[in-house]
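For reference, the structure discussed in these notes is given below.
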Amino acid sequence: MNTKPGALFLKAETFLNTCYHELEITDRLASRREEVKKEIAASGSYFQTVEELTHGARMAWRNSNRCIGRLYWKTLKVIDSRHCSTDNEIFEALDHHVDYAFNKGDIRSAITVFRQQMPGEAEGPRILNHQLVRFAGHKQTDGSVIGDPSEVEFTRWCRDRGHSFEHTPFDMLPHVIQWPGRAAAMKLFSPPEGMIIPIVHPDFEWFEALNIYWYAVPIISEMMLEIGGICYTAAPFNGWYMGTEIGSRNFGDENRYDLLPVVARKIGLDTSNDHTLWKDRALVELNRAVLFSYHLKGITMSSHHEKSEQFIQFELSEQRRGRKITADWMWITPPMSASATKVFHKNYDNTVVTPNFFYQDSVIGKPRDEPIQGCPFHSNSLKENL
Ligand code: ARG
Numbered sequence: 017m018n019t020k021p022g023a024l025f026l027k028a029e030t031f032l033n034t035c036y037h038e039l040e041i042t043d044r045l046a047s048r049r050e051e052v053k054k055e056i057a058a059s060g061s062y063f064q065t066v067e068e069l070t071h072g073a074r075m076a077w078r079n080s081n082r083c084i085g086r087l088y089w090k091t092l093k094v095i096d097s098r099h100c101s102t103d104n105e106i107f108e109a110l111d112h113h114v115d116y117a118f119n120k121g122d123i124r125s126a127i128t129v130f131r132q133q134m135p136g137e138a139e140g141p142r143i144l145n146h147q148l149v150r151f152a153g154h155k156q157t158d159g160s161v162i163g164d165p166s167e168v169e170f171t172r173w174c175r176d177r178g179h180s181f182e183h184t185p186f187d188m189l190p191h192v193i194q195w196p197g198r199a200a201a202m203k204l205f206s207p208p209e210g211m212i213i214p215i216v217h218p219d220f221e222w223f224e225a226l227n228i229y230w231y232a233v234p235i236i237s238e239m240m241l242e243i244g245g246i247c248y249t250a251a252p253f254n255g256w257y258m259g260t261e262i263g264s265r266n267f268g269d270e271n272r273y274d275l276l277p278v279v280a281r282k283i284g285l286d287t288s289n290d291h292t293l294w295k296d297r298a299l300v301e302l303n304r305a306v307l308f309s310y311h312l313k314g315i316t317m318s319s320h321h322e323k324s325e326q327f328i329q330f331e332l333s334e335q336r337r338g339r340k341i342t343a344d345w346m347w348i349t350p351p352m353s354a355s356a357t358k359v360f361h362k363n364y365d366n367t368v369v370t371p372n373f374f375y376q377d378s379v380i381g382k383p384r385d386e387p388i389q390g391c392p393f394h395s396n397s398l399k400e401n402l
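Reading the sequence shown from the start, the letters are residues 17 to 402 in the working numbering.
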């Protein structure tokens, strides 16, 4: 790995500087910097304080260019689970995250941080699920899929290792973890009561009979959180849903549940010609159903109009603090009625700053003897890190 000498300390120093300034604890900055320097010299890495971890994780959310919900970055609950080491402790921490975040529908943003990747480890601890709550996808011999096509590989992986599914379009996936030096471990997951929401429509009674469901909270569990050069390769986090994520993308995309033709036909739209805008009309009804169903059950949910207003507020509040925001326009712009939201009419700088969340190579589908992408700031030579 081409880690430049001192890369880790430089990263650490930059982070500590910003963090201690933002928290207004600069009186402790110089001594902390020295402490970290010594720790890196001796061990090749360093451990962050709870304060650093907490603020660092919040900064990572604040810096997430693709997230439209960042106005609330300061409210992120950071659950320090770095002490968890046995598979049981880890599975329990995952269950706790789901319960804490769901909170009977009054959703709370949270991140559970497991131990960091250590120097010399080719792979850090990993959660193999894409999200902690997710439906399986079963590929049929004719190539069609029952369930969520985006989960076909992971579903197969679980089935090959002994998990049995019911084969409905909404089978719950088990939790799978893999900690360094241990085989992957799998555990059944049953969501708390009320977590799975039946999708109904405010006007169309027939909608209920489509038997469509979605879950209350998206908890991304496969990304790496990087703070000050430290890589937390297992750090599941959640916000709450914006309706279009489900109504337009999860239900509407052709390579997902592909429900536009189903809904259009039930409404009785003319699908023979693009100019009838049948896809657009079906999208609107699907999205209305999603927003309506979540409200009906008292589950926190935002519309794309609310979220884009909040994003403008986020920009203003960051500006007031003398910070410039970065954002990925392609992701911030909602996948329905984009031009009716303010964010569509703006330009954003898509520079990636840290702390942040990063994609990591998937463990699924890779031969185990092929190393996956590790932490870029660690090398196996202690000297190189100074
Ligand atoms: N778009 C993803 C999904 O539909 C979830 C991504 C995170 N979303 C969020 N609102 N925090 O499952």
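Heads up, the beta-carbon is just placed ideally off N, CA and C, and yes, glycines get one too.
How about residue i and residue j: do their beta carbons lie closer than 8 Å?
| i | j | result |
| --- | --- | --- |
| A126 | Y116 | yes |
| I228 | Q147 | no |
| N366 | T349 | no |
| I95 | T42 | no |
| A280 | F223 | no |
| T249 | G140 | yes |
| Q406 | C247 | Examination of residue 406 is not possible in this model, given that the chain is present from 17 through 402 alone. |
| I106 | I193 | yes |
| A124 | K90 | Correcting the residue type first, residue 124 is Arg in the shown sequence and not Ala. No; because the gap between Cβ atoms is not below 8 Å, this pair is not in contact. |
| F330 | R82 | no |
| H191 | F170 | no |
| Q376 | M239 | yes |
| G268 | L276 | yes |
| I162 | P185 | yes |
Say yes only if the C-beta of residue i is nearer than 7 Å to one or more non-hydrogen atoms of the ligand ARG, and no if none qualify.
| i | result |
| --- | --- |
| Y257 | yes |
| Q147 | yes |
| R265 | yes |
| E261 | yes |
| P234 | yes |
| N254 | yes |
Apply the 10 Å Cβ neighbour rule to residue i and answer buried if 16 or more other Cβ atoms are within range, or exposed otherwise.
| i | result |
| --- | --- |
| K27 | buried |
| T30 | exposed |
| T260 | buried |
| T102 | exposed |
| D286 | exposed |
| V233 | buried |
| A46 | exposed |
| N104 | exposed |
| N145 | buried |
| A423 | The chain is shown only over 17 to 402; residue 423 falls outside these bounds and no answer can be derived. |
| T370 | buried |
| A23 | buried |
| S180 | exposed |
| H403 | An answer regarding residue 403 cannot be provided, because it is not within the stretch 17 to 402 covered by the chain. |
| N346 | Here the sequence assigns Met to residue 346, which means Asn is not the residue at that position. With fewer than 16 other Cβ atoms within 10 Å, it is exposed. |
| E167 | buried |
| L32 | buried |
| P252 | buried |
| G72 | buried |
| K323 | buried |
| V66 | exposed |
| A58 | exposed |
| N401 | Interpretation of N401 is limited by its pLDDT of 29, a score under 50 that renders its predicted location unreliable; no figure is taken from the coordinates. |
Is residue i near the ligand NAD, judged by its Cβ being under 7 Å from some heavy atom?
| i | result |
| --- | --- |
| G85 | For the ligand NAD, the structure offers nothing, since it holds only the ligand ARG. |
On the DSSP bridge assignment, give the partners of residue i in chain order.
| i | result |
| --- | --- |
| M202 | V192 |
| C247 | E242 |
| F151 | M188 |
So, under 8 Å CB-CB, residue i and residue j are touching, yes? Tell me the CB distance rounded to an integer number of Å.
| i | j | result |
| --- | --- | --- |
| W230 | N271 | That belief does not hold up - the Cβ atoms of W230 and N271 are roughly 17 Å apart, past 8 Å. |
| Y257 | M317 | 5 Å |
| V216 | S319 | So it is not a contact: roughly 17 Å between Cβ atoms. |
| E221 | N372 | Wrong, their Cβ atoms sit about 46 Å apart, outside the cutoff. |
| G210 | K313 | 7 Å |
| P207 | V149 | 6 Å |
| F151 | M202 | In fact, because the Cβ distance is near 17 Å, the residues do not count as touching under 8 Å. |
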